[in-house]
Amino acid sequence: MVIFEARNVDGGNHPNGKTARLLGYSKHLLGKHFQLPWCKRHGLWSSGASDKSKAMVEQLQRYGVIKSTKVAEVMETIDRGLFVPPGGSPYFDSPMAIGYNATISAPHMHAACLELLEDHLQPGMRALDVGSGTGYLTACFALMVGPGGRAVGVEHMPELVASSTENIKKSAAAPQLNDGSLSIHIADGREGWPELAPYDCIHVGAAAPQIPEALIEQLKPGGRMVIPVGTIFQELKVIEKKPDGGVSIRDETSVRYVPLTSKDAQLHSN
Numbered sequence: 001m002v003i004f005e006a007r008n009v010d011g012g013n014h015p016n017g018k019t020a021r022l023l024g025y026s027k028h029l030l031g032k033h034f035q036l037p038w039c040k041r042h043g044l045w046s047s048g049a050s051d052k053s054k055a056m057v058e059q060l061q062r063y064g065v066i067k068s069t070k071v072a073e074v075m076e077t078i079d080r081g082l083f084v085p086p087g088g089s090p091y092f093d094s095p096m097a098i099g100y101n102a103t104i105s106a107p108h109m110h111a112a113c114l115e116l117l118e119d120h121l122q123p124g125m126r127a128l129d130v131g132s133g134t135g136y137l138t139a140c141f142a143l144m145v146g147p148g149g150r151a152v153g154v155e156h157m158p159e160l161v162a163s164s165t166e167n168i169k170k171s172a173a174a175p176q177l178n179d180g181s182l183s184i185h186i187a188d189g190r191e192g193w194p195e196l197a198p199y200d201c202i203h204v205g206a207a208a209p210q211i212p213e214a215l216i217e218q219l220k221p222g223g224r225m226v227i228p229v230g231t232i233f234q235e236l237k238v239i240e241k242k243p244d245g246g247v248s249i250r251d252e253t254s255v256r257y258v259p260l261t262s263k264d265a266q267l268h269s270n
């Protein structure tokens with residue numbers, strides 16, 4: 001549930017620091033806000049659903065955001081156009097409002113998180129998507145872990161759970177929804193979904209003031225979590241859980257997300 005993702009003063013999005021290096025930007029800009037909006041500098045994808053998905057993915061590959069074949073295939077297969085409100089521009093590289101003070105993340109941010117988690121989204125693995133919103137990323141997870149795995153979405157807005165389920169029914173992940181290997185649940189994301197823990201990977205789509213202990217507990221030893229942490233200043237953190245239960249944490253890039261908070265606080269946020 002992202003409103004701003006590493007957004008500069010002009011309101012545009014830019015890729016993370018590592019992607020910026022691949023794009024050939026100056027080193028002093030890495031992890032900082034760029035002078036030009038990402039979507040203005042590198043274009044928007046506005047070309048029929050499968051053609052638009054393919055064009056979007058190819059553009060993300062061209063600029064080094066998507067590196068793996070698996071992530072490319074999944075983002076091309078799960079049509080983003082099925083997961084945005086009517087009248088939206090799903091293939092533009094920008095977050096979009098989906099109601100209830102929530103958004104669907106920009107394509108480059110989804111791609112970056114899928115790349116960070118790819119090793120932990122192998123067939124048969126379990127993935128948790130906290131703040132699943134429209135269900136897009138949860139559907140991507142489901143295709144990556146396959147019918148032998150589990151993809152679990154947690155969202156505290158019942159209306160979004162209902163609409164995301166309908167979105168998934170229209171998508172290539174519908175078989176996983178039907179066989180129960182993909183599920184979306186109404187719950188406070190800060191508590192995760194312990195019923196199906198432990199998870200090989202956890203993605204959190206909102207910024208926590210600190211890493212929720214419940215999510216660390218639900219991460220499998222050897223697992224990985226990607227979570228934005230902070231209030232005014234936020235970092236996208238990658239957390240690895242060691243076999244002994246300890247964790248290692250590294251900062252991936254500076255970002256700007258909505259807070260990971262209660263349903264009531266989200267509905268009444270400005």
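So the sequence shown is numbered by UniProt numbering: it starts at 1 and just counts up by one. Backbone N, C-alpha and C fix where the C-beta goes; we use that ideal spot for every residue, glycine too. Source: prediction; values computed, not measured.
- In the three-state reduction of the DSSP assignment, aspartate 93 falls in the coil class.
- Under the three-state reduction of DSSP, aspartate 119 is assigned to helix.
- In the DSSP assignment, aspartate 251 is bridged to Lys237.
- In the structure shown, methionine 56 falls within a helical segment according to DSSP collapsed to helix, strand and coil.
- By the Cβ rule, the stretch 98–111 does not count as touching the stretch 175–190, because fewer than three pairs are nearer than 8 Å.
- The C-alpha of alanine 151 is placed about 19 Å away from the C-alpha of glutamate 240.
- Under the three-state reduction of DSSP output, proline 209 falls in the coil class, being neither helix nor strand.
- The three-state reading of DSSP puts threonine 134 in coil, since its state is none of H, G, I, E or B.
- Excluding its 5 nearest sequence neighbours in each direction, serine 171 has C-beta neighbours in its own chain below 7 Å: Ile78, Asp79, Leu82, Ala139, listed in chain order.
- Boundaries of the alpha helix (DSSP H) around proline 175: 174–179.
- Taking a cut-off of 8 Å for Cβ pairs, the stretch 88–100 and the stretch 154–173 touch, as three or more such pairs fall below it.
- Look at lysine 220 here: in three-state DSSP terms it is strand.
- Under the three-state reduction of DSSP output, arginine 256 falls in the coil class, being neither helix nor strand.
- Counting C-beta pairs with one atom in each stretch, the stretch 254–267 and the stretch 193–207 have three or more that are closer than 8 Å, which means they touch.
- Taking C-beta separations shorter than 7 Å and ignoring five residues to either side along the sequence, the partners of leucine 117 in its chain run Cys201, His203, Arg224, Val226, following chain order.
- Annotation: glycine 87 to aspartate 51 spans about 18 Å, alpha carbon to alpha carbon.
- Residues Ala151, Ala173, Gln176, Leu182 of the same chain have their beta carbon placed closer than 6 Å to that of alanine 142, with the five preceding and five following residues left out of the count.
- Here leucine 114 is not near valine 57, since their CB atoms are 7 Å or more apart.
- Between proline 212 and lysine 242 the beta-carbon gap is near 18 Å, outside 8 Å, which marks them as no contact.
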